[in-house]
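Reading through the C-alpha cells given below for one structure.
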Amino acid sequence: MTDDDARLAAFFAASEPPARDLAFSAEVMEAIARARFQWETARLGLFSLVGGLVLWAVWPSLAPALAQIGGGLAPAGAALVATAAVLLLADGRAMPILGLRS
Amino acid sequence: MNPAALDATLIRAAQGGSEEAFARLVDRHQQALRGFLRRACGNWALADDLAQEALLTAWSRIDRLDEDANVRAWFCGIGYNKCLTELRSGRRARRREADYQSSDQRSPGVAPEDRLALEQAMAALPLEQRAVVALCLAAEFSHADAADALGLPLGTVKSHVTRGRARLMEALGARDDGR
Chain A
139 MTDDDARLAA FFAASEPPAR DLAFSAEVME AIARARFQWE TARLGLFSLV GGLVLWAVWP
199 SLAPALAQIG GGLAPAGAAL VATAAVLLLA DGRAMPILGL RS
Chain B
110 MNPAALDATL IRAAQGGSEE AFARLVDRHQ QALRGFLRRA CGNWALADDL AQEALLTAWS
170 RIDRLDEDAN VRAWFCGIGY NKCLTELRSG RRARRREADY QSSDQRSPGV APEDRLALEQ
230 AMAALPLEQR AVVALCLAAE FSHADAADAL GLPLGTVKSH VTRGRARLME ALGARDDGR
C-alpha cells in the first residue's frame with residue numbers, strides 16, 4: 139500500500155459509523171412502528187368509511203326488516219347476555235375486574 | 110452460522126412479519142449503509158436521515174427480497190435512490206451546508222489538509238461516480254455487488270472506480286506538490 143493509499147483509507151475510515159449503534163437501530167424500529175400504526179389506522183378508517191357508506195345505502199331496505207325481527211329477538215338477546223354474564227362470573231375472571239374478589 | 114445464511118434466516122423471518130428479525134438486519138448492516146451514504150452525499154446528518162428512510166422503505170418491500178440476496182447491497186441500492194432524489198430536489202440544502210461547515214471536528218485520524226483536499230475531490234465527482242467510489246474503494250464492495258446495488262452496468266462501475274480513484278489520488282498529489 140502506498141502512502142497515498144493509506145491516506146485515502148484513513149480518510150474513508152474517518153467517516154465510518156460505529157459497527158453497532160443501538161440508538162440508530164432503535165430510531166429505525168420506532169419509525170417502522172409509527173408507519174405501521176399509521177397504516178393500520180388508515181386501513182381501519184377506510185373500512186369504517188366503506189362500512190358506513192354501505193349501511194347508509196342499504197338502510198332504507200334494511201330498517202323495516204330489522205324492526206320486524208327485532209321485537210322477536212329481544213327476549214333471546216337478553217337471555218344470551220344474561221347467560222354470558224353468569225358464565226363470566228362463574229369462570230372467575232370477571233370477579234377481580236368487578237372488584238368482587240382480589 | 111455464516112453471515113449469508115444468517116441473513117437468509119433473518120430475511121425469511123422478517124418476511125413472515127418479525128420486526129425483531131428486521132431489527133437484527135438493521136443492526137448488522139446499518140454501518141455499511143450509513144457509511145456509504147455519508148460518503149455519497151457528503152453530509153452525515155442527511156446521510157442518517159436518508160438511511161432511516163431507506164430502511165423504512167426496505168421494511169415495506171421486504172417481501173420482494175430473495176432469501177439469498179445481498180442485504181447490504183440491497184439496502185445501499187435503496188439508500189442511493191433516496192440520495193439521488195434528495196440531492197436532485199435540493200431539500201434540506203441549508204442544513205447540509207451547515208453540516209459541511211462543522212465537518213472539521215470529525216476526522217481525528219486524518220491530516221486536516223488531506224481531509225479538505227479529499228472532501229473537495231469527492232464533492233467534485235459526479236454523484237454516480239462518487240457512489241461507486243464510496244462502495245468499491247471505501248466499503249470494499251466487489252464491482253459486481255456495486256453494479257447490482259446501484260443498477261449500473263459492470264463496465265461503468267469499473268470505469269468509475271478507475272477514474273474516481275485517479276481523481277482522489279490526484280487531489281492528494283496536488284496537495285503534496287503544493288507543499
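First to last, the sequence lines map onto chains A and B. Mind the numbering: the first sequence is residues 139 to 240 in this note's numbering, read in order. Mind the numbering: the second sequence is residues 110 to 288 in this note's numbering, read in order. Just so you know, even glycine gets a beta-carbon here, dropped at the ideal spot from N, CA and C. What you are looking at is a predicted structure, and each value in this text was computed from that prediction instead of being measured.
Notebook entry, point to check: Using Cβ-Cβ distances below 9 Å, what residues of the stretch 248-261 of chain B are close to chain A?
Noted result: Ala248
Item checked: Closest by C-alpha distance to Asp257/B, when choosing among Leu281/B, Phe184/B and Lys191/B -> Phe184/B
Next item on the list: Spell out whether any CB of chain A is found under 7 Å from the CB atom of Val135/B.
Entry: yes
Checklist line | chain A contact residues for Trp168/B, given Cβ-Cβ distances below 7 Å | finding: Ile170
Note to self: Going by DSSP in three states, Phe175/A sits in which element: helix, strand or coil?
What the structure shows: helix
Check: Are any of the Cβ atoms in chain A nearer than 7 Å to that of Leu277/B?
Finding: yes
Checklist line | Closest by C-alpha distance to Arg276/B, when choosing among Thr194/B, Val219/B and Leu246/B | finding: Leu246/B
Check: Helix, strand or coil for Pro234/A per DSSP?
Finding: helix
Notebook entry, point to check: Residues of chain B with a CB under 7 Å from the CB of Arg158/A: which are they?
Noted result: Asp136
Check: What span of residues does the alpha helix (DSSP H) with Ala144/A cover, start to end?
Finding: Asp141 to Ala152
Notebook entry, point to check: If we cut at 7 Å on Cβ distances, does Arg181/A have a partner in chain B?
Noted result: no
Next item on the list: Check each residue of the stretch 140-151 of chain B: if its Cβ is closer than 7 Å to any Cβ of chain A, include it; give the result in chain order.
Entry: Gln140, Arg143, Gly144, Arg147 and Arg148
Checklist line | Endpoints, the alpha helix (DSSP H) within which Cys185/B is located | finding: Val180 to Ser198
Next item on the list: Show which residues of chain A have a CB atom less than 9 Å away from the CB atom of Asp223/B.
Entry: Arg145, Leu146, Ala148 and Phe149
Notebook entry, point to check: In whole angstroms, what is the alpha-carbon distance linking Ala152/A and Met231/B?
Noted result: 14 Å
Check: In whole angstroms, what separates the C-alpha of Asp223/B from that of Arg145/A?
Finding: 7 Å
Notebook entry, point to check: Taking Cβ positions only, does Glu178/A come closer than 7 Å to chain B?
Noted result: no
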